[in-house]
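Q:
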Amino acid sequence: MNDAESPLSCTIRPTKYLSIGESMFHSGCGVIEILFPNMRPIDIEKISFVNNYTAALSIKMKIAKSASNQTGHTWVTGLKNYQLMPKPHCETGSQSYFHLMSSDFCKQPNEVCALRFILRQPSPNWKTFTLEEIYVHAKKTKDPTNENPKWLESVENLSASEMKPRDQAELKGLPDTEQVSEKMQEILQLAEKTVLSAPNVELGRFDIDGSYEINLLSYT
């Protein structure tokens, strides 16, 4: 499983239902908080979960203000009244599996520090409702170790007539990047085969085919 498919490590708090004081009544509203401890703000690609009799879902996102050169965080609405059960009084969709992509959000889920799921179930037929098996997936980030230098990328996109003398001098004598990549792959494969085929038996310093070569021994 690659990084794009692996869910993020997060803390999911139990569902809290809206109440007034200690009185018990069917408010039809619950909240699930999702925290990402010890992590930088993330860009969310997908959220998946299994419904458990929740009729509609709204998502609040805690966004870092670093993008706007401000400190702190702000809460914004990322998803509003997303329908999970077409008819709250019926079973349809009550235990279905859902995928929410970043394109489903009314605001792109970038630089997210925490999530707050607001669950709604107006029907009194269901005493409890929640979401289960919640997984959050981040957008795949580029591996900086595999990136070409910026000057090389910019020059590679130019034609010969568009290149400046300095650009031509920098590229003069350099091999094609694709050929270099292919050669490196071949070298790595050969190195791996060499390691796998290396014998596990340790040879003695003067031991040749189980016997000693007299000419290799020294006398004192």
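The opening position of the sequence shown corresponds to residue 457 in our numbering, with each subsequent residue numbered one higher.
Note that the Cβ used here is the ideal one computed from N, Cα and C, for glycine as well.
Since we're looking at a predicted model, the values are computed, not measured.
(1) Grouping DSSP H, G and I as helix and E and B as strand, with all else coil, what is residue 684?
(2) Name the DSSP beta bridge partners of residue 495, please?
(3) Once DSSP output is grouped into helix, strand and coil, what is the label at residue 644?
(4) Restricting to runs no shorter than 4 residues, where is the alpha helix (DSSP H) found entirely within the stretch 504 to 557?
(5) Just to confirm, are residue 551 and residue 494 a CB contact at a threshold of 8 Å?
(6) What does residue 586 pair with, by DSSP beta-bridge criteria?
(7) Can you look up residue 502 in the DSSP assignment and give me helix, strand or coil?
(8) Helix, strand or coil for residue 471 per DSSP?
(9) With residue 573 as the anchor, note down where its beta strand (DSSP E) starts and where it stops.
(10) In angstroms with no decimal places, state the Cα-to-Cα distance between residue 581 and residue 517.
(11) Is it the case that the stretch 459 to 476 contacts the stretch 553 to 565, given that we only count it when at least three CB pairs across the two stretches are under 8 Å?
(12) Would residue 540 and residue 534 qualify as a contact pair, given that the criterion is a beta-carbon distance under 8 Å?
(13) Taking buried to mean at least 16 other C-beta atoms within 10 Å of its own C-beta, is residue 502 buried or exposed?
(14) Quick check: what's the CA-CA separation for residue 583 versus residue 595?
(15) Who are the Cβ neighbours of residue 491 in its own chain at under 6 Å, not counting the five residues just before and after it?
(16) What is the rounded straight-line gap between the Cα of residue 639 and the Cα of residue 538?
(17) Which same chain residues, not among the five before or five after residue 554, have their C-beta less than 8 Å away from its C-beta?
A: So, from the data block:
(1) Since the first residue of the chain shown is 457 and the last is 676, residue 684 is not available in this structure.
(2) The count along the sequence shown starts at 1 and reaches residue 495 at position 39. DSSP, once it has assigned bridges, lists no residue as partnering residue 495.
(3) Locating residue 644 in the sequence shown gives position 188, where the first residue counts as 1. Note: residue 644 maps to helix in three-state DSSP.
(4) none
(5) Numbered from its first residue, the sequence shown carries residue 551 at position 95. Numbered from its first residue, the sequence shown carries residue 494 at position 38. Cβ atoms of residue 551 and residue 494: not closer than 8 Å.
(6) Here residue 586 refers to the residue found at position 130 of the sequence shown. The partner list for residue 586 (beta bridge, DSSP) reads 508.
(7) The residue given as residue 502 occupies position 46 in the sequence shown. Residue 502: strand per DSSP, three-state reduction.
(8) Position 15 of the sequence shown, counted from the first residue, corresponds to residue 471. Three-state DSSP puts residue 471 in coil, outside helix and strand.
(9) Taking the sequence shown and counting its residues from 1, one reaches residue 573 at position 117. Start and end: 568 to 576.
(10) On the sequence shown, position 125 is the one that residue 581 refers to. On the sequence shown, position 61 is the one that residue 517 refers to. Computed Cα separation, rounded: 30 Å.
(11) no
(12) Here residue 540 refers to the residue found at position 84 when the sequence shown is read from its first residue. Here residue 534 refers to the residue found at position 78 when the sequence shown is read from its first residue. Contact flag unset, no.
(13) Position 46 of the sequence shown, counted from the first residue, corresponds to residue 502. That one is buried.
(14) Counting from one through the sequence shown, the residue named residue 583 turns up at place 127. Counting from one through the sequence shown, the residue named residue 595 turns up at place 139. So the two alpha carbons sit approximately 36 Å from each other.
(15) For the purposes of this step, residue 491 is taken as the residue at position 35 of the sequence shown. Answer for residue 491: 467, 570, listed in chain order.
(16) Reading the sequence shown from its first residue, position 183 is the one you call residue 639. Reading the sequence shown from its first residue, position 82 is the one you call residue 538. Each residue's alpha carbon lies about 51 Å from the other.
(17) Counting from one through the sequence shown, the residue named residue 554 turns up at place 98. So the qualifying residues of the chain are 504, 505, 506, 507, 540.
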